[in-house]
Amino acid sequence: MSSIAHPAARAAAASTMSPDRIYRIWQTEEYPKELWWMLSAVLGIFTIVHSYALLSTWLRTRNLLRQNAAKTGAGTRNIIIFNEKKGGEFIAPGRNGKVSLRRLPLSALSALRIALFRWSIPLAAVHRMCLSEMVFNLAYIGALLAWCFTHSPQMAPAYWANRAGDLTTSQIPLIVALAGKNNLISFLTGVGPEKLNVLHRASARATLILVWVHAFGRWKMGFTSYASLSLPDIQWGVVSMAAFSLATILSFRPIRNLAYEVFLIGHIVLIFVFLLAGYLHMPEVGYRILPGFGLWGLDRLLRTIRLIVQNRLWLSIVPRRKSDASRVSVERVSEDTVRLTLTRKVTWKAGQHFYLVLPSVSGLPFESHPFTAASIPHSLDGTSNEEKELSFVIRGRDGFTGRLLQTAVNRGGATSLRAYVDGPYGCPPTLGFYNTCILISGGSGVTYTLPLLLDLVHRAQKGTTTVRKVVFIWAIRDIAHLDWISKPLATAVLCAPSSLTIDLRIFVSQSRPQITVVRGLSQESDAPTLAGTPDCSMEDKKHSFLTGLEGIKIESGRPNLTRILREEVDSAPGPVSVDVSGPAALSATVRSALSSDIAGPVGVLKGKPTVTLHVVGIIYTPSLLLDNPDELFIGGVRMVVDPTLS
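Per my numbering, residue 901 is the first one in the sequence shown, and the count goes up by one each step.
Next comes the structure, spelled out in structure tokens:
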């Protein structure tokens, strides 16, 4: 790293330096700036794209409202076709399957989506990385190494050793900023913190390589004179390197999955040591290191302010209103699941998540846990309230969720607890301008797809969507799980306007002989149909109203997703969105299906619609110390949010 910071001292020293040393000092100072110019350019491009998308969405929504206000019964069909054309893709009914060169850009886009986002490479027994993430990581590391080693005659360490250290410190503000929930990058680009985590990991991996390149270069040059290991500043450099290396080792997925809370606490402590020791190692570049502390503190400050405002914590000093401002209703809805309901003056988008703080359940003060809201801030029956009802469906496991379930069991029936919320967070996809939406979930993953369904119904009521059909697929193990969301499901079907077709398919894998089912697209297609069994149990009768609604099917077995996707994509007259939330096996099945000819480039070239895939996968890891306050939970299990849209 450069050791001459003050301009006057630099000018005085320059007169006694060799031109070669002056050039090397210039490199260590200039190349980190060039790196940030590159990053700024990339972020600028994403900001422009996001701004264009926002403007386009606003214009299309306004256009839809204007058309729906003026349309007549005879003009409805023309308006729908016009909207599909405005979306950039129109698939005429009765397509003949001939190759159309006009669809070549859409065909190329489909091929790119399959290659980058649906193909994955196994890195371990339990982890696969999509090609786009791997390419991004390699490109980022390659760019940093290029700046590190370029213009180094004979690859002499004197040129690149200190430069690697300066490039390392230049990455610190970016790494810390991307780890925060409140960051300017998400606001500008529209990419949520959970997806920006890809850049966070890529930058951290590249930084670790640079740290070791810096150490190796100094070792090659010799730990003598001002670089002697006996000097405190050099010793602090070794401590910084060791802390960052250990933090990276703990972040490996197998270790995270085995003991996430150990990783989390260790990560925070070790990164703090890395920053502090790095500053003591080279105070001259403190202007790059200290912002890391500032950004972390700013994120925590913003979250604290939001927590106070959203929960009106100042009312806690007023005894009469204390319970009204911070209570949550907890109800056990099945053997291992609870539903939390509270009201707040807050709005959110379908698919976003909140952090919950329940002091009487948490193991530590102000311990927070993120859960996806299973409701939307709009009522489908037309009523409007200033305070919105937030609903969370949480499946009890270990740690916090297990304690919450036990609390509901001990108190019996619906009970009330003190609770605070912080949010919303996340940038879920906007589904309003597709023609067909296919929502697929497994188990507790339904708390992500349910609000998407409710939001599409709300948009259809307002006339601000081009979606004409929603296929809702939910795979569960027991019919009793319907209690989780039976009411909002029925509401969605009953309140949907005639312009929107809803096809609800619920698959029960562990069915009993008395369960009422409807023959459908299950993998056990030859199994006997049990519909109409006369000796239904009381539990089954409790759900019979769902089967009586038009558009709802309860089927036995697991869904044949490949067959369902093929039929729906082939029959769709316009662009299709597929949203998946569930176990890794479920996501892998959908990825594999949409990598085939179902959504392939040849089919698109011949008139098939394009298909966009959004994936949220579930993993479950036991709790050892405290539950994870920094990853998304859906239904009480940890979520791994796919970093890409494909």
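From the three backbone atoms N, C-alpha and C, an ideal C-beta is built for every residue, glycine too.
- Within 10 angstroms of its Cβ, does GLU1235 collect 16 or more other Cβ (buried), or is it exposed? Reading the sequence shown from its first residue, position 335 is the one you call residue 1235. GLU1235 should be labelled exposed.
- Rounded separation between VAL1504 and LEU1513 - CA only: The count along the sequence shown starts at 1 and reaches residue 1504 at position 604. The count along the sequence shown starts at 1 and reaches residue 1513 at position 613. VAL1504 and LEU1513: Cα-Cα distance of roughly 15 Å.
- In angstroms with no decimal places, state the Cα-to-Cα distance between ALA1115 and LEU1213. Locating residue 1115 in the sequence shown gives position 215, where the first residue counts as 1. Locating residue 1213 in the sequence shown gives position 313, where the first residue counts as 1. If I take the Cα positions, the gap works out to 49 Å.
- So what's TRP1019 in DSSP terms, helix, strand or just coil? Here residue 1019 is taken as the residue at index 119 of the sequence shown, counted from 1. Reduced to three states, the DSSP call for TRP1019 is coil.
- Check GLY1299 in the structure and name its three-state DSSP category. Within the sequence shown, residue 1299 is the residue found at index 399, counting from 1. Here GLY1299 sits in helix by DSSP.
- With ARG1028 and SER1495 assumed to form a contact (beta carbons below 8 Å), what rounded beta-carbon distance in angstroms separates them? Residue 1028 sits at position 128 when you count from the first residue of the sequence shown. Residue 1495 sits at position 595 when you count from the first residue of the sequence shown. That pair is no contact at about 13 Å.
- Task: Compute every distance between the C-beta of ARG1491 and the non-hydrogen atoms of the ligand SAH, then say whether any falls below 7 Å.
- Result: By its list of ligands, the structure shown contains no ligand whatsoever, and the ligand SAH lies outside what it can speak to.
- Message: Along the chain, where does the alpha helix (DSSP H) containing THR1382 start, and where does it finish?
- Response: Residue 1382 sits at position 482 when you count from the first residue of the sequence shown. Residue identity differs from the one stated: residue 1382 is Leu in this sequence, not Thr. Premise fails: LEU1382 is in no alpha helix (DSSP H) and is neither H nor E.
- Which residues in the same chain as GLY975 place their Cβ atom closer than 7 Å to its Cβ, once the five residues preceding and following it in sequence are excluded? In the sequence shown, counting from the first residue as 1, residue 975 sits at position 75. Bear in mind that a pLDDT of 48 at GLY975, under 50, signals an unreliable position, so the model cannot answer this.
- Task: Go to LEU955, then tell me how far its alpha helix (DSSP H) extends in each direction, as first and last residue.
- Result: Along the sequence shown, read from residue 1 onward, the residue named residue 955 stands at position 55. Segment 919-970, the alpha helix (DSSP H) holding LEU955.
- Would you tell me roughly how many angstroms separate the C-alpha atoms of VAL949 and GLU929, rounded to the nearest one? Mapped onto the sequence shown, residue 949 falls at position 49. Mapped onto the sequence shown, residue 929 falls at position 29. Whole-angstrom Cα-Cα distance: 31 Å.
- Who are LYS1453's beta bridge partners in DSSP? Position 553 of the sequence shown, counted from the start, is the residue given in the question as residue 1453. Its beta-bridge partners are ARG1405.
- Message: Looking at the strands, I want to know which residues DSSP matches up with ILE1373.
- Response: Counting from 1 along the sequence shown, the entry for residue 1373 is found at position 473. ILE1373 has ILE1340 and ARG1405 as its beta-bridge partners, per DSSP.
- Exposure label - TRP937; buried when at least 16 CB within 10 Å: Counted from its first residue, the sequence shown places residue 937 at position 37. That one is exposed.
- Pull up the DSSP beta-bridge partners for ILE1085, would you. Taking the first residue of the sequence shown as 1, we reach residue 1085 at position 185. Answer is none; ILE1085 lacks a bridge partner.
- Query: If we ignore side chains and look at the alpha-carbon of each, how far apart do SER1487 and SER1481 end up?
  - Reply: In the sequence shown, counting from the first residue as 1, residue 1487 sits at position 587. In the sequence shown, counting from the first residue as 1, residue 1481 sits at position 581. Taking the straight line from one Cα to the other gives about 7 Å.
- Task: Would you list the residues sitting across from VAL1228 in a DSSP beta bridge?
- Result: Indexing the sequence shown from 1 puts residue 1228 at position 328. According to the DSSP secondary-structure assignment, VAL1228 is paired through a beta bridge with LEU1317.
- Query: Out of ALA1314, THR1204 and LEU1354, which has the shortest C-alpha to C-alpha gap to SER1275?
  - Reply: Locating residue 1275 in the sequence shown gives position 375, where the first residue counts as 1. The shortest Cα separation from SER1275 among ALA1314, THR1204 and LEU1354 belongs to LEU1354.
- Task: Starting from the Cα of THR1247, find the closest Cα among ARG1227, SER1291, LYS1453 and LEU1006 and give me that residue.
- Result: Locating residue 1247 in the sequence shown gives position 347, where the first residue counts as 1. Nearest C-alpha to THR1247: SER1291.
- Query: What separation, rounded to the nearest whole angstrom, lies between the Cα atoms of ILE1075 and SER1103?
  - Reply: On the sequence shown, position 175 is the one that residue 1075 refers to. On the sequence shown, position 203 is the one that residue 1103 refers to. Each residue's Cα considered, the two are about 6 Å apart.
- Query: What is the rounded straight-line gap between the Cα of LEU935 and the Cα of VAL1511?
  - Reply: As a first step, residue 935 must be located in the sequence shown, where it is residue number 35. As a first step, residue 1511 must be located in the sequence shown, where it is residue number 611. The alpha-carbon separation between LEU935 and VAL1511 amounts to approximately 35 Å.
- Give me whichever residues DSSP pairs with VAL1238 in a beta bridge. As a first step, residue 1238 must be located in the sequence shown, where it is residue number 338. Note: VAL1238 sits in a beta bridge opposite ARG1232 and ILE1294.
- Message: Output needed for ARG1244: all residues of its chain with C-beta closer than 8 Å, excluding positions within five of it in sequence on either side, in chain order.
- Response: Within the sequence shown, residue 1244 is the residue found at index 344, counting from 1. Excluding sequence neighbours, ARG1244 sits near GLN1210, ASN1211, GLU1287, LYS1288, LEU1290 and VAL1321.
- Mind checking MET1055: buried by the 16 CB within 10 Å criterion, or exposed? On the sequence shown, position 155 is the one that residue 1055 refers to. Classification of MET1055: exposed, given that the 10 Å Cβ count is below 16.
- Item | Residues near THR1330 by beta carbon distance below 7 Å, same chain, minus five either side | Taking the first residue of the sequence shown as 1, we reach residue 1330 at position 430. Cβ within range, chain order: THR957.
- Query: How should TYR1179 be labelled, buried or exposed, when 16 other C-beta atoms within 10 angstroms of its C-beta is the threshold for buried?
  - Reply: As a working mapping, residue 1179 is identified with position 279 in the sequence shown. It is buried - the Cβ of TYR1179 has at least 16 other Cβ atoms within 10 Å.
- Just mark PRO1154 as buried or exposed, buried being the case when its beta carbon has 16 or more other beta carbons within 10 Å. In the sequence shown, residue 1154 corresponds to position 254, counting from 1. With fewer than 16 Cβ atoms within 10 Å of its Cβ, PRO1154 is classed as exposed.
- If you draw a straight line from the alpha carbon of VAL1367 to that of GLY1332, how long is it in whole angstroms? For this step, residue 1367 is matched to residue 467 along the sequence shown. For this step, residue 1332 is matched to residue 432 along the sequence shown. About 6 Å.
- GLY1282: which of ARG1359, SER1262 and VAL1346 sits nearest, CA to CA? As a position in the sequence shown, residue 1282 is number 382, starting the count at 1. That would be ARG1359, whose Cα lies nearest to the Cα of GLY1282.
- Message: Quick check: the stretch 1132-1152 against the stretch 1184-1198, are at least 3 beta-carbon pairs closer than 8 Å?
- Response: no
- Starting from PRO1501, follow the alpha helix (DSSP H) in both directions and report where the run begins and ends. Working through the sequence shown from its first residue, we reach residue 1501 at position 601. Here the alpha helix (DSSP H) through PRO1501 covers 1501-1505.
- Let me know if GLU1231 comes out buried or exposed under the rule of 16 or more other beta-carbons within 10 Å of its beta-carbon. Counted from its first residue, the sequence shown places residue 1231 at position 331. GLU1231 is exposed by the Cβ-count criterion.
- Contact under 8 Å by Cβ, TRP1384 with VAL1139: One-based indexing of the sequence shown puts residue 1384 at position 484. One-based indexing of the sequence shown puts residue 1139 at position 239. Result no, Cβ atoms of TRP1384 and VAL1139 do not sit closer than 8 Å.
- Item | Selected residue, minimal CA-CA separation from VAL1091, among TYR1325, LEU1044, GLY1312 and VAL1469 | Stepping through the sequence shown from its first residue, residue 1091 is reached at position 191. It is TYR1325.
- Task: Tell me, to the nearest whole angstrom, how far the beta carbon of LEU892 is from that of LEU1258; I am working on the premise that it is less than 8 Å.
- Result: For the chain, the structure presents residues 901 to 1546; residue 892 sits outside this window and is missing.
- Item | Where MET1182 sits in the DSSP three-state scheme | Taking the sequence shown and counting its residues from 1, the one referred to as residue 1182 is at position 282. Looking at MET1182 - three-state DSSP - the assignment turns out to be coil, as it is neither helix nor strand.
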